[in-house]
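Participant: In the numbering used here, the protein residues as written are 9 to 387.
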Ligand code: MN
């Protein structure tokens, strides 16, 4: 059985992955998270890992105290995070951290020859070219954990690239489906966090409400499957039963379906290419007498086209809009801006900042910080 290291182990994807590993007896060698030391310590003990990292260095001593009497090595900060991601005997890194902090560990793990189970969108949105080039050079697999990308990955398996006309990404439409942009002016954080189908972390739930999440997923899909953005369609599918599709040259459409539960794609990424029984209930078609499909509303949800245009412009634009979005979402969550300010702030950042600099890892971080600074200064 493949050995796994998990970064972001106390988040939504991380905790589900931990329970899958326990249930399936998948060995976990190392864990990392940002702040939640009590849960991290519990996970570390129950999984008997070799090392843990707490990203917030101020919490290291407290974590050491929680793990005293064990042989578990305690690390902290970026250095510790990179060590958990890349050093050690694991075969696969599950990257389920939120935000740009996920990019460097992905690159370090690829460099060390580890396969990547990828749940961190920013890795591909901001650093897609670096990541995919490195993965190809090292011959490592990038296994998508995101439900849509896992679906597409499954649909594409064993097919020739030239047979694929397009990718059709499904979007739930989020909690504000059917609303006009004006009606979204005064939505509250509570409204926005109330996602109809998926239970996820706060950042991604807001991204789902603005459809930024779907825009980021278009960029992710373009990198993962080496597909031009013009060949990636979006269809709003309220029930989230069809997780995504591909259209072939003869117009046959292949889809992957199931109940909306992240445990299925998480488990597949960890056991691939093997399939194992999963504790998620089987899909009962009669529970869903009608499945609906709509065009996305690009006026109410401008974040979709913001992302698509950023990918068309290329270079550092996706990193810029991603950085601006991270800051805008944090500002919305802390009551510093309106929901409808999120796309406005990202657009203003994209129009104001100079991205005419080389596409390097340093500049990916530089433009991200510049975009965040721009948003803070323009709230
Ligand atoms: Mn998704």
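Idealized CB from N, CA, C, for every residue including glycine.
Candidates 311, 326, 123, 345: which alpha carbon is nearest residue 374's?
Facilitator: Ranking the options by Cα distance to residue 374, first place goes to 326.
Participant: Between residue 240 and residue 175, how many whole angstroms is the CB-CB distance? I'm expecting something under 8 Å.
Facilitator: Right, the Cβ-Cβ distance comes to about 5 Å (below 8 Å), so this counts as a contact.
Participant: Please state if the CB of residue 177 and the CB of residue 243 are separated by a distance shorter than 9 Å.
Facilitator: The answer is yes: Cβ separation under 9 Å.
Participant: Label residue 389 either buried or exposed according to how many other C-beta atoms from any shown protein chain fall within 10 Å of its C-beta, with 16 as the threshold for buried.
Facilitator: Because the chain in this structure spans residues 9 to 387, residue 389 falls outside the shown range and cannot be described.
Participant: Which residues have a Cβ closer than 7 Å to any heavy atom of the ligand MN, listed in chain order?
Facilitator: Residues with a Cβ closer than 7 Å to any heavy atom of the ligand MN, in chain order: 154, 155, 156, 221, 225.
Participant: Rounded to the nearest angstrom, what separates residue 169 and residue 158 at their Cα positions?
Facilitator: Each residue's Cα considered, the two are about 17 Å apart.
Participant: Check each candidate in 155, 295, 43, 344 and name the one with the smallest Cα separation from residue 268.
Facilitator: Selected option, being the one with the closest Cα: 155.
Participant: How would you write the range of the alpha helix (DSSP H) that residue 235 sits in, first residue to last?
Facilitator: Element bounds for residue 235: n/a, residue is neither H nor E.
Participant: Given 8 Å as the limit, tell me if residue 138 has its C-beta closer than that to any heavy atom belonging to the ligand SAM.
Facilitator: By its list of ligands, the structure shown excludes the ligand SAM, since it contains just the ligand MN.
Participant: In chain order, what are the residue ranges of uninterrupted alpha helix (DSSP H) at least 4 long that sit wholly in the region 40-79?
Facilitator: You should have 45-55, 68-74.
Participant: Please report how far the alpha carbon of residue 86 lies from the alpha carbon of residue 379, in whole angstroms.
Facilitator: Distance between the alpha carbons of residue 86 and residue 379: 22 Å.
Participant: If you run the structure through DSSP and keep just helix, strand and coil, what is residue 260?
Facilitator: Coil, per DSSP.
Participant: How about residue 354 and residue 237: do their beta carbons lie closer than 9 Å?
Facilitator: No, Cβ-Cβ distance for residue 354 and residue 237 is not below 9 Å.
Participant: Any contact between the region 327-335 and the region 285-297? By contact I mean 3 or more CB pairs, one from each, below 8 Å.
Facilitator: With a cut-off of 8 Å, the region 285-297 and the region 327-335 do not count as touching, because too few Cβ pairs lie within range.
Participant: Assign residue 17 to buried or exposed, taking buried as 16 or more other Cβ atoms, counted over all protein chains shown, within 10 Å of its Cβ.
Facilitator: Buried, because 16 or more other Cβ atoms sit within 10 Å of the Cβ of residue 17.
Participant: Ends of the alpha helix (DSSP H) at residue 387?
Facilitator: Premise fails: residue 387 is in no alpha helix (DSSP H) and is neither H nor E.
Participant: Assuming residue 217 contacts residue 183 (C-beta within less than 8 Å), just tell me the rounded distance between them.
Facilitator: Contact flag correct, Cβ pair sits at about 6 Å.
Participant: In this structure, does DSSP put residue 34 in helix, strand or coil?
Facilitator: Coil at residue 34, not helix or strand.
Participant: If you draw a straight line from the C-alpha of residue 265 to the C-alpha of residue 73, how long is it?
Facilitator: Taking the straight line joining both Cα atoms gives about 45 Å.
Participant: Just to confirm my understanding: we take residue 21, look at its own chain, exclude 5 residues before and 5 after, and list those with CB closer than 6 Å. What are they?
Facilitator: The answer, listed in chain order, is 104, 127.
Participant: From residue 91 to residue 224, what does the alpha carbon distance come to, in whole angstroms?
Facilitator: Roughly 28 Å between the two C-alpha positions.
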